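Visitor: Residue numbering for the sequence shown follows the working numbering, beginning at 1 and increasing consecutively.
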Amino acid sequence: LAGGTPEQSAEAGAIALKNTLGLVCDPVAGLVEVPCIKRNAAGTANAMIAVDMALAGIKSLIPLDDVILAMKEVGEALPASLRETACGGLANTPSAQSIKSTLNLELDS
Numbered sequence: 001l002a003g004g005t006p007e008q009s010a011e012a013g014a015i016a017l018k019n020t021l022g023l024v025c026d027p028v029a030g031l032v033e034v035p036c037i038k039r040n041a042a043g044t045a046n047a048m049i050a051v052d053m054a055l056a057g058i059k060s061l062i063p064l065d066d067v068i069l070a071m072k073e074v075g076e077a078l079p080a081s082l083r084e085t086a087c088g089g090l091a092n093t094p095s096a097q098s099i100k101s102t103l104n105l106e107l108d109s
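The following block contains the structure:
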């Protein structure tokens with residue numbers, strides 16, 4: 001971790017993971033392109049910021065192991081429609097449904 005200690009790595013992990021706690025998975029047309037690619041880019045920036053914060057001595061009040069347990073709890077609490085089923089969130093918008101219909105027509109051709 002950029003010359004940091006194992007403890008700083010854990011701090012960065014806790015900070016970064018807390019910033020994504022509760023993020024839904026709502027792929028348009030069931031594909032991992034929209035909005036996933038852009039969320040992955042934001043996740044990369046989030047990770048780099050968390051590293052900078054940890055290297056600067058900022059600590060997470062909640063340790064990484066607890067954050068991981070919280071992530072599991074939140075993930076299990078999310079409705080199935082928001083857990084990579086393409087049934088809720090952005091995947092359920094009129095625009096996304098139109099994209100899905102267009103893709104299905106192209107695949108059927």
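Note that the Cβ used here is the ideal one computed from N, Cα and C, for glycine as well.
Note that the structure is a prediction, hence the values are computed from the model and not measured.
Please classify Cys-87: does DSSP put it in a helix, a strand, or coil?
Guide: Three-state DSSP puts Cys-87 in coil, outside helix and strand.
Visitor: Within its chain, find whatever has a CB closer than 8 Å to the CB of Ala-10; leave out the 5 residues flanking it on each side and keep chain order.
Guide: Pro-63, Leu-64.
Visitor: In the DSSP output, which residue or residues are listed as bridge partners for Cys-36?
Guide: None, per the DSSP bridge assignment.
Visitor: I'd like to know whether the C-beta atoms of Ile-99 and Val-24 end up nearer to each other than 8 Å.
Guide: Going by C-beta atoms, Ile-99 is not nearer than 8 Å to Val-24.
Visitor: Below 6 Å CB to CB, which residues in the same chain sit around Ala-12 once its five sequence neighbours on both sides are set aside?
Guide: Excluding residues within five positions, the ones whose Cβ falls inside 6 Å are Ala-50, Val-51, Ala-54.
Visitor: Compare the beta carbon distance of Asn-115 and Asn-19 with 8 Å and say whether it is the shorter of the two.
Guide: What is shown of the chain runs 1 to 109, which leaves residue 115 out entirely.
Visitor: Are there 16 or more other CB atoms within 10 angstroms of the CB of Ala-80, so buried, or fewer, so exposed?
Guide: Flag for Ala-80 reads exposed.
Visitor: By a C-beta neighbour count over all protein chains shown, 10 Å radius and 16 as the cutoff for buried, is Ile-37 buried or exposed?
Guide: That one is exposed.
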